[in-house]
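Residue numbers (the numbering used here), protein chains in the order written: chain A, 18 to 159; chain B, 290 to 797. Heads up, the beta-carbon is just placed ideally off N, CA and C, and yes, glycines get one too. Data block below; observations after.
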Amino acid sequence: MVCPPEVRAGHRADRVLREFGLMLGSLPPAARKALATALAVLDQGARLYPPSRGRRFARLDDRVAGAYVGALLARRDPAGEVVRRLKSVVVVCYYELPEVQREIGYDPAPYIAAVARRRLESYAPQIRAAEAAITAADGENP
Amino acid sequence: MISGLTTQDDVAEDVSLECAVLIVGSGAGGATMAAELAGAGVDVIVLEEGGYHPTGSFAAGTGRALRTLYRDGGGGMAIGRPSVLYAEGRCVGGSTVVNGGMSWRTPGRVLRRWAEQEGLRAISEQDLDPYFTAIEARLSVGPQDPETIGRDSELFKEGAEASGWAVVPNRRNQLHCAGTNNCNSGCPTGAKRSMLVTSVPRALARGARLYADCRVDRITRAGSGVTGVTGHFVRPGCRRGPHLTVRAQAVIVAGGAVQTPALLMRSGLRSASGQLGRNLSVHPNAVVTAFFDQDVHGWQGVHQAFQVREFHAEGLLLTATNLTPPMLAAIMPAHGRELGELMADYNRVVTAGPLVSDTGTGRIRNVPGLGPQVFYQLTDHDAVRVVRGVELTAEALFAAGARRVLLPFDGAPQVHDPGELRRLLARPVPRRSLQLFSIHLMGTARMSEDPRRGVTGSFGEFHGAGGLIVTDASIFPGPVGINPMETVIALAMRNARRLIERRASYCI
Numbered sequence: 018m019v020c021p022p023e024v025r026a027g028h029r030a031d032r033v034l035r036e037f038g039l040m041l042g043s044l045p046p047a048a049r050k051a052l053a054t055a056l057a058v059l060d061q062g063a064r065l066y067p068p069s070r071g072r073r074f075a076r077l078d079d080r081v082a083g084a085y086v087g088a089l090l091a092r093r094d095p096a097g098e099v100v101r102r103l104k105s106v107v108v109v110c111y112y113e114l115p116e117v118q119r120e121i122g123y124d125p126a127p128y129i130a131a132v133a134r135r136r137l138e139s140y141a142p143q144i145r146a147a148e149a150a151i152t153a154a155d156g157e158n159p
Numbered sequence: 290m291i292s293g294l295t296t297q298d299d300v301a302e303d304v305s306l307e308c309a310v311l312i313v314g315s316g317a318g319g320a321t322m323a324a325e326l327a328g329a330g331v332d333v334i335v336l337e338e339g340g341y342h343p344t345g346s347f348a349a350g351t352g353r354a355l356r357t358l359y360r361d362g363g364g365g366m367a368i369g370r371p372s373v374l375y376a377e378g379r380c381v382g383g384s385t386v387v388n389g390g391m392s393w394r395t396p397g398r399v400l401r402r403w404a405e406q407e408g409l410r411a412i413s414e415q416d417l418d419p420y421f422t423a424i425e426a427r428l429s430v431g432p433q434d435p436e437t438i439g440r441d442s443e444l445f446k447e448g449a450e451a452s453g454w455a456v457v458p459n460r461r462n463q464l465h466c467a468g469t470n471n472c473n474s475g476c477p478t479g480a481k482r483s484m485l486v487t488s489v490p491r492a493l494a495r496g497a498r499l500y501a502d503c504r505v506d507r508i509t510r511a512g513s514g515v516t517g518v519t520g521h522f523v524r525p526g527c528r529r530g531p532h533l534t535v536r537a538q539a540v541i542v543a544g545g546a547v548q549t550p551a552l553l554m555r556s557g558l559r560s561a562s563g564q565l566g567r568n569l570s571v572h573p574n575a576v577v578t579a580f581f582d583q584d585v586h587g588w589q590g591v592h593q594a595f596q597v598r599e600f601h602a603e604g605l606l607l608t609a610t611n612l613t614p615p616m617l618a619a620i621m622p623a624h625g626r627e628l629g630e631l632m633a634d635y636n637r638v639v640t641a642g643p644l645v646s647d648t649g650t651g652r653i654r655n656v657p658g659l660g661p662q663v664f665y666q667l668t669d670h671d672a673v674r675v676v677r678g679v680e681l682t683a684e685a686l687f688a689a690g691a692r693r694v695l696l697p698f699d700g701a702p703q704v705h706d707p708g709e710l711r712r713l714l715a716r717p718v719p720r721r722s723l724q725l726f727s728i729h730l731m732g733t734a735r736m737s738e739d740p741r742r743g744v745t746g747s748f749g750e751f752h753g754a755g756g757l758i759v760t761d762a763s764i765f766p767g768p769v770g771i772n773p774m775e776t777v778i779a780l781a782m783r784n785a786r787r788l789i790e791r792r793a794s795y796c797i
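So, in C-alpha cells, the structure goes:
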C-alpha cells in the first residue's frame, strides 16, 4: 500500500519483504520487538477503521487498505509517527531494488567505476604519496 | 588479516586483556587519540562496537550501508514535538565513514564563547591552530577538484548567487575525491579520508590493538578511579558473544554524544553538575525537495560542493545534498501511486536545506529494556530559524529555475513560485509539523572548568573520576555551528598531547 503499484510486478513484493527482514535483523532485540508490535497493532487496528467492517489489515481489499494507510499517515499523533516511520523503512526497501532504481534512471555502479578510474588516471602519484604517509614513521608526515 | 585487528570472527571464548590506555570508539575522537598515543609509544587498545568494513566492501547500496555501517539501521529518533530523526555511524571509523566529509575549523567566535562561559584553557584559535594544521595535512583537507562538482550543487550555487548571497566551496577531507556521491554509504574509492583509512591504520601501524564487534557494557572502577571496562563481542544479528574484560590505567570514552553519556551513566558515574546526558544539541536540518525541468542527475558529483554562508551569523548554513532513491523516497510526503509519480522525476530533483545552530535542549536517558533514548525539544526560537532556513533554501532553488518545491512541513502543499512560498509562510508554521533530521549530536558531557557546571574539564577529563577522559562531540559546551568533525579531531589531538605530557601521573 505504501509502495507504488509496480511493487506487484515480478517478485518485487517478496524481495521488498526480504530487504525488510534484513533491516529488522540489523536492529537490536528491543527495537525489533517494538517494530513487530507496531506491525501487529497496525494489522489489528484496522478492525477499528469503519470501512474495514471489522477486518484486520491483511484481509482488506486494496482500496480500503490504501485508505486505511492514508488515514494513518495523515495522523499528527505518535501513532501516525510510527506509521510514517514504518512507511519510510518499507519504501527504502522498495527503492533499494536495482530494477526500480534503473526505472527512475539511477544506475550508479558504472558511473562510480568510471569516475574512480578517472581519479586514478589523473592523480595516481599524489594518491600513492598521501596514502603512504599515513603509516610512515613519525617525522616524515604530520 | 590486518595486524592488530580482531573481530568477532576471531574470538571463540571469553577474552581478558590489559593495556595502558583503553579507548571506547574508533571514530573521529577515538581513532585520533589512538594514533597519537600509540605514536608516543603508549600501549593502546581500541574497542569498537561496529564491524570492520574495508573500502573494498563499499558500493552503492543504501540498505546494506544502513544495516552494516549505522547504529539501528540509521533510524535513531530524538523524541519530542517534533521528533528529530538522527543517524550515528557504528563501524570501525565511526561516523567519519558515513559523513559527508566536511572539514571546517571551529569558528573563533565559538571558541571564545566556550572559553569565556566555561573558563576553558588552551582552546583559543591560536592554541588549536597547530592541531588543525596537522589534521588538515593528514586528512588531505581542501576544496574539490572542479571536475567532480555535480549539477545539483551548481544549480544551488547559481540560485544563491543570483540572490546575492555569499557562497563558499566546501572544504572536505578528501584525497582527490572522485565525486561518486556515495559518502553516506562508505566511500568506494577511499578518497574520503575517514578514520577508517587514516588514523585507524596509523594507530595499528604504531602498535595499537583494535577489537571490532565489541560492545562495552560498563566502565569498571576502584575508589574514585577507573580500572578498565567489561563488555562483550557482538555476533551477527546483534546476538551476544563472548565476554571481554580489559584492565587499563586510563579509559578514554569516544562513543559520540548519545552512547558516551549512556555508558557513563550505566557505569554508575555521576557528575556533580547534574549535566551528564543533558545539553544535547543536534544542529537540526530540514530538506527542501525541488523539481526542475532539466536533467540534474544529482547523484553524479560530489556530496556537497558548496555552502551558503550568507546567514551564518544567524546560525544558518544552507547546502545542497543529493539523496539516494531510497533516502529520498523515505522523506517524500507521499505513498503508493503518488510516491511513484514523484520518484519518476528523481533525475530532475535537487535536495537542499538549512542546518541550524540550535540552543541545546535535549538529553539522553537510559531506559530499562530499551537502552539509551534521546529526548529533544526544539525551542520556538530555533523553530522560527528552521522555517526561515527552509524559506531561504526554497528561494534559492526557485532562483535557480525550480518549477515546484516540497517543503519539510507535514501537510504542506507543493509550492510553485516564490510568491506562493511567501504567502504560505506568512502564516506561522506549527513547530510540531517540522520534519527534522540530525547527524550532528553534541554537548552531553560538556567541558567546564567548574565541576558545578560541566561534566568534563578543559581536556576532557571527567570531573570526579580519575583516569577517565571523554573525547568526542559530547564535550562541546554548545553547538559548534558548523560541521563538527574537525573540531572533534583537533580536541582529541590536543587531549592526547596533554595525556602524553602527563603520562607519569597516569602511570602509562
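With a threshold of 7 Å between beta carbons, is residue i in contact with chain B?
i        : result
A/Ala47  : yes
A/Leu44  : yes
A/Val132 : yes
A/Ala57  : no
A/Tyr123 : yes
A/Glu36  : yes
A/Glu116 : no
A/Val99  : no
A/Lys50  : no
A/Pro21  : yes
A/Val33  : no
A/Val108 : yes
Along the chain, where does the beta strand (DSSP E) that runs through residue i open and close?
i        : result
B/Cys308 : Val304 to Val313
B/Val638 : Val638 to Val645
A/Tyr140 : Looking at the DSSP string, A/Tyr140 is not in any beta strand (DSSP E); the run it does join, the alpha helix (DSSP H), is Pro125 to Thr152.
B/Thr516 : Gly514 to Arg524
B/Asn655 : Arg652 to Val656
With a threshold of 7 Å between beta carbons, is residue i in contact with chain A?
i        : result
B/Asn473 : no
B/Arg510 : no
B/Tyr635 : yes
B/His705 : no
B/Gly526 : yes
B/Arg787 : no
B/Arg491 : yes
B/Thr487 : yes
For residue i, which residues in the same chain have their Cβ closer than 6 Å to its Cβ, ignoring the five residues on either side in sequence?
i        : result
B/Ser483 : Gly382, Thr385 and Val386
B/Thr478 : Ala467
CB-CB under 7 Å to residue i, same chain, minus the five flanking residues each way: which ones, in chain order?
i        : result
B/Glu450 : Val456
B/Gln406 : Pro766
B/Gly770 : Pro396, Val399, Gly604 and Ser646
B/Leu355 : Gly362 and Gly363
A/Ile151 : none
In chain order, what residues of the same chain have a beta carbon less than 8 Å from the beta carbon of residue i, not counting five sequence neighbours either side?
i        : result
B/Gly649 : Asn568, Leu569, Ser570, Gly732, Gly767 and Pro768
B/Ser722 : Pro371, Phe698, Asp699, Gly700 and Ala701
A/Ala26  : none
Need the endpoints of the alpha helix (DSSP H) that residue i sits in, please.
i        : result
B/Arg356 : Thr351 to Leu358
B/Ile530 : Here residue 530 of chain B is Gly; the residue named in the question, Ile, does not match the sequence. Here B/Gly530 belongs to no alpha helix (DSSP H); instead the beta strand (DSSP E) covers Arg528 to Val542.
A/Ala55  : Pro46 to Gly62
B/Ser442 : Arg440 to Ala451
B/Ser727 : Run containing B/Ser727: none in the alpha helix (DSSP H); it sits in the beta strand (DSSP E), Leu725 to Ser727.
B/His707 : At residue 707 of chain B the sequence reads Pro, which differs from the His that was named. B/Pro707 -> alpha helix (DSSP H) spans Pro707 to Leu714.
Looking at the ligand FAD, does it come within less than 6 Å of residue i, judged from the CB to the closest heavy atom?
i        : result
A/Tyr123 : Although the ligand FAD was asked about, the structure shown includes no ligands whatsoever.
Under 7 Å, CB to CB, which of the residues in the region 390-403 of chain B have a partner in chain A?
For the region 390-403 of chain B, there are no residues whose beta carbon sits under 7 Å from a beta carbon of chain A.
Determine, using beta-carbon pairs with one atom in the region 554-566 of chain B and one in the region 764-776 of chain B, whether at least three such pairs fall under 8 Å.
no
Contact set between the region 67-91 of chain A and chain B, restricted to residues whose Cβ is under 9 Å from the partner
Gly83, Val86, Gly87, Leu90 and Ala91
Interface positions of the region 135-155 of chain A facing chain B (Cβ-Cβ less than 8 Å), listed along the chain:
Arg135, Arg136, Ser139, Tyr140, Gln143, Ile144, Ala147, Glu148, Ala150, Ile151, Thr152 and Asp155
Residues of the region 654-677 of chain B whose Cβ lies closer than 7 Å to any Cβ of chain A, in chain order
Within the region 654-677 of chain B, the qualifying residues are Gly658, Leu659 and Gly660.
Below 8 Å, can you find three or more Cβ-Cβ pairs linking the region 489-503 of chain B to the region 332-340 of chain B?
yes
Between the region 633-650 of chain B and the region 604-618 of chain B, do at least 3 Cβ pairs fall closer than 8 Å?
Yes: at least three Cβ pairs fall under 8 Å.
For the region 576-594 of chain B, which residues have a beta carbon sitting closer than 7 Å to at least one beta carbon of chain A?
Trp588 and Gln589
Between the region 110-128 of chain A and the region 28-39 of chain A, do three or more beta carbon pairs fall short of 8 Å?
yes
Below 7 Å between beta carbons is the criterion; list the residues of the region 694-720 of chain B that meet it against any residue of chain A, in chain order.
Asp699
Contact between the region 526-542 of chain B and the region 305-319 of chain B: three or more CB pairs below 8 Å?
yes
Three or more C-beta pairs closer than 8 Å, one from the region 115-132 of chain A and one from the region 37-48 of chain A: is that the case here?
Judged by pairs of C-beta atoms under 8 Å, the region 115-132 of chain A does not touch the region 37-48 of chain A, as fewer than three such pairs exist.
Taking three-plus beta-carbon pairs below 8 Å as touching, is the region 309-325 of chain B in contact with the region 342-354 of chain B?
Between the region 309-325 of chain B and the region 342-354 of chain B there are fewer than three inter-stretch CB-CB distances shorter than 8 Å, so the stretches are not counted as touching.
Segment contact flag, the region 667-681 of chain B with the region 708-719 of chain B, C-beta cutoff 8 Å, min 3 pairs:
They touch, by the three-pair rule.
Evaluate the contact criterion for the region 683-697 of chain B versus the region 572-583 of chain B: three or more CB pairs, one atom per stretch, below 8 Å.
With the rule of 3 Cβ pairs closer than 8 Å, the region 683-697 of chain B counts as touching the region 572-583 of chain B.
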